[in-house]
Amino acid sequence: MEKTFVMVKPDGVQRNLIGDILSRFEKKGFKLVHAELKQVSKELAEEHYGEHKEKPFFGELVSFITSGPVFAMVLEGENVIATSRKMMGVTNPQEAAPGTIRGDFGLTVGKNVIHGSDSEESAEREIGLFVGDKPLVEYKKDDSTWVY
Ligand code: DAT
Ligand code: MG
């Protein structure tokens, strides 16, 4: 089953949004197979956001994502990568549709509450970076026959 990496960013943690955000994914039918409250190091931040190294906002991005703990998750489900990105809304919360996580909870692009992998390759890469060798929690979820 497809997996993705999602994290509530430091602004979302500080603003007490972990529960609301996790609840949306749970209610949608996605299965949580890893969760960790984690302080991101500068090295991990630079690696994770490597594709943005040359952007003018890179320094700000790294200092923001390391400014406090994040809530890192791996979610599993059919088409979870694209669907969870839709639930997050577009990058800039001012343009994100109401009803999306960024649309409902964010106000500026620099503090947009949540991260989610954007492709199968980035999901695999980001799960590797954040979870490493720790095994994902594999279990049968009793609601699965009602979701699928
Ligand atoms: P996304 O997080 O939607 O995948 P992205 O990968 O293009 O967006 O950018 C990563 C993060 O960088 C994004 O969540 C917020 C920040 N960011 C993007 N564009 C920015 C900009 N123009 N100014 C400041 N921060 C920006
Ligand atoms: Mg991205």
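Residue 229 in our numbering sits at position 51 of the sequence shown, and the numbers go up by one each step.
Even glycine gets a Cβ: it sits at the ideal position worked out from N, Cα and C.
Since we're looking at a predicted model, the values are computed, not measured.
I'd like to check one pair, residue j with residue i: are the Cβ atoms closer than 7 Å?
{"i": "Glu-180", "j": "Val-258", "result": "yes"}
{"i": "Ile-196", "j": "Ala-223", "result": "no"}
{"i": "Lys-216", "j": "Val-291", "result": "no"}
{"i": "Lys-209", "j": "Lys-319", "result": "yes"}
{"i": "Leu-285", "j": "Pro-276", "result": "no"}
{"i": "Val-325", "j": "Gly-207", "result": "yes"}
Quick check on DSSP: helix, strand or coil for residue i?
{"i": "Gly-255", "result": "coil"}
{"i": "Gly-294", "result": "strand"}
{"i": "Thr-269", "result": "coil"}
{"i": "Lys-289", "result": "strand"}
{"i": "Phe-235", "result": "coil"}
{"i": "Glu-180", "result": "coil"}
{"i": "Ser-219", "result": "coil"}
Using DSSP's beta-bridge definition, name the partner residues of residue i.
{"i": "His-212", "result": "Val-252"}
{"i": "Met-185", "result": "Ala-250, His-293"}
{"i": "Thr-261", "result": "Thr-261 is not bridged to any residue."}
{"i": "Pro-276", "result": "Thr-278"}
Residue i and residue j look like a contact to me (Cβ under 8 Å); what is the Cβ gap, rounded to whole Å?
{"i": "Glu-316", "j": "Val-252", "result": "Glu-316 to Val-252, Cβ: 11 Å. No contact."}
{"i": "Leu-307", "j": "Glu-225", "result": "6 Å"}
{"i": "Ser-245", "j": "Thr-182", "result": "Wrong, their Cβ atoms sit about 24 Å apart, outside the cutoff."}
{"i": "Ile-279", "j": "Arg-202", "result": "7 Å"}
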